[in-house]
Amino acid sequence: SQKIEQNSEALNIQEGKTATLTCNYTNYSPAYLQWYRQDPGRGPVFLLLIRENEKEKRKERLKVTFDTTLKQSLFHITASQPADSATYLCALCPSSNDYKLSFGAGTTVTVRA
Amino acid sequence: DVKVTQSSRYLVKRTGEKVFLECVQDMDHENMFWYRQDPGLGLRLIYFSYDVKMKEKGDIPEGYSVSREKKERFSLILESASTNQTSMYLCASVFSGANVLTFGAGSRLTVL
């Protein structure tokens, strides 16, 4: 069966450091992968999308890599700030015409000042 | 900005009660979804709809039904609530041809 696994433990880092989150998947060939941010008591908010033929995407302090051979995506938050504290979800989509995303359980990041 | 509004943020219901969760989006999106989110399990798809009066089962439809009578509104119905349906319910929508879901703020349901 399809499986999406994210860092199982919460991530605690010092302000200014880089947070690196992993998303591994099995039995899946996604057309693209997305990362969402979720704050407590709120719905997820889209951050970045990377397609299967792309290796890396950047947006401000965020960077996503996508390795379809390893079946893994890495999500980096550089120069982290306390405001980056949240839960980060990865989501996979089987094709560009299919909107049914499959989500990982999320990784909670806490940035200490 | 697209808005997805879930009218009930917190609900407490008794076992056996019928529960309606309402979701309204204001950007003419064709596609709408209901997920539930539980700790350690992530978001799991309950039902989705690609058009008015159209619905399809997701991964965990048992115990739920949906209604989409108007394009902007997608309702989730628990015919007879049970304690294992205590969860956070998230509604989302997306325009056909786009790839990014817009989520509502969620409805936290507790069934006693």
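Those protein sequence lines, which keep their order, are chains R and E.
Sequential numbering of the first sequence, starting at 1441, is according to this note's numbering.
Sequential numbering of the second sequence, starting at 29, is according to this note's numbering.
Idealized CB from N, CA, C, for every residue including glycine.
Residues of the region 35–67 of chain E whose Cβ lies closer than 7 Å to any Cβ of chain R, in chain order: N59. Chain order gives the chain E residues near L1489/R as N127 and V128, where near means a beta carbon separation below 9 Å. Rounded to whole angstroms, the gap between the alpha carbons of R101/E and A1526/R is 29 Å. With respect to chain E, the C-beta atom of C1463/R has no partner C-beta closer than 8 Å. Under the three-state reduction of DSSP, T1458/R is assigned to coil, being neither helix nor strand. Distance from the CA atom of R1491/R to the CA atom of S115/E, rounded to whole angstroms, is 32 Å. Taking the C-beta atoms as reference points, Y75/E is found nearer than 8 Å to P89/E. As computed with DSSP, V32/E is found in a beta bridge with Q53/E. For L1473/R against S1520/R, the beta-carbon gap comes to about 22 Å, at or over 8 Å, which does not count as contact. Counting along the chain, Y117/E sits inside the beta strand (DSSP E) bounded by residues S115 to V122.
G134/E sits close to G1483/R, with the two beta carbons spaced by under 8 Å. Looking at the DSSP output, G1481/R bridges to nothing. In this structure, T1466/R and K1511/R form a Cβ contact; the two beta carbons are roughly 6 Å apart against a cut-off of 8 Å.
Contact note: V122/E reaches chain R through Y1539, using a C-beta cutoff of 8 Å and chain order. Taking the CA atoms as reference points, T1460/R sits about 30 Å from D87/E. L118/E is positioned such that its CB atom lies no closer than 8 Å to that of L69/E.
In the three-state reduction of the DSSP assignment, D66/E falls in the strand class, which pools E and B. Interface flag for L73/E against chain R is set, since a Cβ pair is found closer than 8 Å. Taking the Cα positions, S103/E is about 39 Å away from K1495/R. The beta carbon of G91/E sits no closer than 8 Å to any beta carbon of chain R.
Nearest in C-alpha terms to Q1446/R, of all of G1481/R, I1517/R and L1529/R, is L1529/R.
Using a Cβ-Cβ cut-off of 8 Å, Y1468/R does not count as an interface residue toward chain E, since no Cβ of chain E sits closer than that to its own.
Beta-bridge pairing by DSSP links Q1512/R to N1464/R and D1507/R.
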